[in-house]
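As structure tokens, the structure follows; a few thoughts come after it.
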């Protein structure tokens with residue numbers, strides 16, 4: 001492929017933005033020019049890309065007609081303000097903020113629903129879903145190819161880096177205060193998150209449903225093209241810096257023998273199946289890696305239709321930045 | 001009640017043993033003499049009880065005919081060695097180690113299956129189940145009184161104190177090493193547990209089932225008198241010092257309206273139902289308290305038969321020591 005593309009990266013100064021820069025270089029993405037952008041207050045910093053220092057500029061002053069693809073890795077408000085401008089300039093948008101509705105910006109996990117892009121017209125407006133959705137979709141897709149899925153129960157323990165650098169700093173600060181027996185004054189969270197688990201992440205609606213959990217379910221249904229799939233999702237804030245971990249129980253429409261499930265998962269390029277007896281964890285296995293790690297695969301007790309498993313992956317890398325770059329790779333291969 | 005009882009406490013030097021001593025004093029349990037016992041290597045320490053210092057003696061040299069009730073809060077091997085001796089001396093045994101089979105030592109949660117003791121003959125050999133079982137049984141009992149339970153999915157995030165003082169020390173040590181950027185050499189666990197979640201607790205059998213999870217399911221079925229209840233259980237080691245937290249999803253045989261579930265739970269003395277919008281956590285709510293905290297009670301998405309909730313409680317106190325003392329209170333009230 002000799003063609004190369006001008007790229008804009010909005011939210012370059014965040015954890016996901018920085019990982020996007022690394023991945024574009026590491027995967028030799030055909031970039032002609034990389035424009036690093038952020039809101040006015042974050043502009044001015046510099047990041048290395050292919051041996052040069054690139055300065056982050058104010059997105060408000062950017063002319064999107066210069067680029068073919070724009071990654072939106074800043075907050076929801078930034079996407080809402082500037083994605084329409086990028087689209088109007090004929091630029092493909094890949095959103096990582098969750099700001100756009102599912103019918104405005106279909107969620108894409110290239111290993112699973114790459115074909116969903118074929119039905120769209122340019123300029124393309126696509127989104128990378130929540131990290132647990134990337135993980136679940138890659139694990140479930142090979143299973144639903146051969147089995148009917150009736151019900152899914154997911155407990156997602158989210159890494160603190162889902163709150164960005166501020167989250168990482170706050171967990172470290174709280175932990176240090178506690179180990180030094182100093183009084184704890186929580187910031188960013190309304191209570192102690194160090195050595196604790198918070199049962200609620202983000203806002204909750206009048207029915208007690210967390211908006212994040214609703215989004216997880218809707219995005220997963222869209223990516224798997226299973227709009228009726230019953231999903232019970234609970235998102236918990238864990239005192240873990242990087243790496244989301246999911247405890248998953250699924251019910252199939254009929255017997256789903258363990259050997260069949262193993263065979264379906266073992267051939268998937270995105271997955272690393274950890275053998276019985278051992279199990280993967282965020283720290284030590286998933287963090288810094290491209291793979292989604294699957295372990296503790298086991299049948300239900302006296303129930304051949306039930307399958308239980310554990311999934312862990314780097315939420316910033318595979319769960320966000322890498323999936324977005326894979327969407328861009330899909331676009332340049334077939335559509336741009 | 002003017003009668004008082006001589007009591008033996010085996011495993012007095014452990015976290016649960018120490019809490020048992022506190023609770024016997026705090027609840028004014030009618031103790032005539034308290035004998036603190038442990039294995040030979042732990043003997044010699046002293047603990048305060050009702051203003052006096054009691055010295056811990058070697059259990060191997062103890063004559064169980066001196067006491068009416070013996071709490072076994074040491075390891076499984078200690079229970080296996082000495083519980084038969086206590087029983088032969090006519091002493092009631094309350095085991096907290098999990099060493100005895102379910103038909104040798106029925107699991108009792110006094111709020112739930114106190115009546116199970118009525119069918120037994122002295123000398124009584126009873127057991128306090130795993131902390132998550134105490135929590136689940138207290139929450140589910142009021143619901144199963146009015147509704148059929150079809151299926152239960154539980155992700156139990158266990159506090160490190162389930163591994164005793166050694167576990168607590170190891171989490172603190174690992175955390176300090178990491179914050180000081182020193183190389184980590186795990187002890188007690190085979191990997192980093194600080195800022196991580198371990199997907200497997202204890203030994204796993206040839207089918208990938210953890211023995212602890214099998215025990216959890218069997219004990220819960222016994223306490224609820226629902227031997228056929230389908231339960232999917234996953235026990236995870238969390239980097240939390242004290243307080244187990246459970247993410248629970250249950251399916252009823254028919255619609256289980258949220259208002260009915262709330263009404264069933266709100267009247268239970270063992271439970272503290274946290275209102276919508278807020279939620280309980282181990283640190284700040286449960287630790288040091290007698291109550292089992294329930295929150296995030298919510299219906300399934302588009303499924304009136306599904307109910308999701310979060311439970312947290314002090315694993316050492318309510319999950320172990322307090323439940324055992326409540327079993328003893330039940331015994332002296334009706335059976336001794």
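Residue numbers (the UniProt record's numbering), protein chains in the order written: chain A, 1 to 336; chain B, 1 to 336.
Where a beta carbon is used, it is the ideal one built from N, C-alpha and C, also for glycine.
Bear in mind that the values here come from a model prediction, so they are computed numbers and not experimental data.
According to DSSP, is residue i helix, strand or coil?
| i | result |
| --- | --- |
| residue 3 of chain A | coil |
| residue 313 of chain B | strand |
| residue 68 of chain B | coil |
| residue 45 of chain B | coil |
| residue 323 of chain B | helix |
| residue 108 of chain B | coil |
| residue 308 of chain A | strand |
| residue 234 of chain A | strand |
| residue 287 of chain A | coil |
| residue 81 of chain B | helix |
| residue 209 of chain A | coil |
| residue 13 of chain B | coil |
| residue 204 of chain A | strand |
| residue 121 of chain A | coil |
| residue 31 of chain B | strand |
| residue 198 of chain B | strand |
| residue 181 of chain A | coil |
| residue 260 of chain B | helix |
| residue 116 of chain A | helix |
| residue 8 of chain A | strand |
| residue 226 of chain B | coil |
Along chain B, in chain order, which residues have C-beta atoms closer than 8 Å to that of residue i?
| i | result |
| --- | --- |
| residue 308 of chain A | 232 and 234 |
| residue 298 of chain A | 207, 208 and 209 |
| residue 153 of chain A | 153, 232 and 249 |
| residue 266 of chain A | None at all; the shortest Cβ gap to chain B is about 15 Å. |
Please determine, among the options, the residue with the shortest C-alpha to C-alpha distance to residue i.
| i | options | result |
| --- | --- | --- |
| residue 314 of chain B | B:186, B:7, B:161 and B:233 | B:161 |
| residue 105 of chain A | A:302, A:295, A:283 and A:324 | A:324 |
| residue 5 of chain B | B:229, B:60 and B:70 | B:70 |
| residue 109 of chain A | A:267, A:295, A:247 and A:94 | A:94 |
| residue 319 of chain B | B:46, B:293 and B:10 | B:293 |
| residue 328 of chain A | A:302, A:28, A:299 and A:130 | A:28 |
| residue 44 of chain A | A:55, A:253, A:62 and A:81 | A:55 |
| residue 310 of chain A | B:208, B:279 and B:256 | B:208 |
| residue 262 of chain B | B:249, B:231, B:280 and B:299 | B:299 |
| residue 192 of chain B | B:174, B:180 and B:203 | B:174 |
| residue 229 of chain A | A:7, A:86, A:211 and A:144 | A:144 |
| residue 306 of chain B | B:256, B:204, B:317 and B:53 | B:256 |
| residue 79 of chain B | B:63, B:98, B:206 and B:147 | B:98 |
| residue 201 of chain A | A:187, A:224 and A:163 | A:163 |
| residue 250 of chain A | B:253, B:154 and B:296 | B:154 |
Could you name the residues of chain A that residue i contacts, counting a contact when the two beta carbons are closer than 9 Å?
| i | result |
| --- | --- |
| residue 204 of chain B | 276, 277, 279, 296 and 298 |
| residue 198 of chain B | 279 and 281 |
Please list the partners that residue i has in chain B, where partner means a Cβ-to-Cβ separation under 7 Å.
| i | result |
| --- | --- |
| residue 260 of chain A | The contacting residues do not exist; residue 260 of chain A stays about 15 Å from chain B at best. |
| residue 239 of chain A | 195 and 239 |
| residue 8 of chain A | Under the 7 Å cutoff, chain B gives no residues; its nearest Cβ is about 34 Å from residue 8 of chain A. |
| residue 303 of chain A | 230 |
| residue 161 of chain A | Those do not exist, as residue 161 of chain A stays about 11 Å from chain B at its closest Cβ, beyond 7 Å. |
Per DSSP, what are the beta-bridge partners of residue i in this structure?
| i | result |
| --- | --- |
| residue 57 of chain A | A:37 |
| residue 135 of chain B | Bridge partners of residue 135 of chain B: none, in fact. |
| residue 153 of chain A | A:232 and A:249 |
| residue 272 of chain B | B:293 |
| residue 95 of chain A | A:72 and A:127 |
| residue 244 of chain A | A:313 |
| residue 299 of chain A | A:307 |
| residue 333 of chain B | Bridge partners of residue 333 of chain B: none, in fact. |
Going along chain B in order, which residues have a C-beta closer than 9 Å to the C-beta of residue i?
| i | result |
| --- | --- |
| residue 284 of chain A | 191, 192 and 196 |
| residue 131 of chain A | Result: empty, since nearest Cβ-Cβ is about 15 Å, beyond 9 Å. |
So residue i contacts chain A; which residues on that side make the cut at Cβ distance below 7 Å?
| i | result |
| --- | --- |
| residue 123 of chain B | Here the premise fails: no neighbours, minimum Cβ distance about 33 Å. |
| residue 217 of chain B | 301 |
| residue 157 of chain B | 197 |
Which chain A residues sit within Cβ distance under 8 Å of residue i?
| i | result |
| --- | --- |
| residue 176 of chain B | 179 |
| residue 313 of chain B | Those do not exist, as residue 313 of chain B stays about 13 Å from chain A at its closest Cβ, beyond 8 Å. |
Does the structure place the segment 211–219 of chain B close enough to the segment 280–293 of chain A that three or more beta carbon pairs sit under 8 Å?
no
Inspect the CB distances between the segment 145–161 of chain B and the segment 231–242 of chain B and report whether three or more fall short of 8 Å.
yes
Given 8 Å, three or more beta-carbon pairs between the segment 11–19 of chain A and the segment 36–43 of chain A:
yes
Between the segment 107–124 of chain A and the segment 242–253 of chain A, do at least 3 Cβ pairs fall closer than 8 Å?
no
At least three beta-carbon pairs within less than 8 Å, the segment 118–126 of chain A to the segment 267–283 of chain B
no
When the Cβ atoms of the segment 16–25 of chain B are set against those of the segment 165–172 of chain A, are three or more pairs found closer than 8 Å?
no
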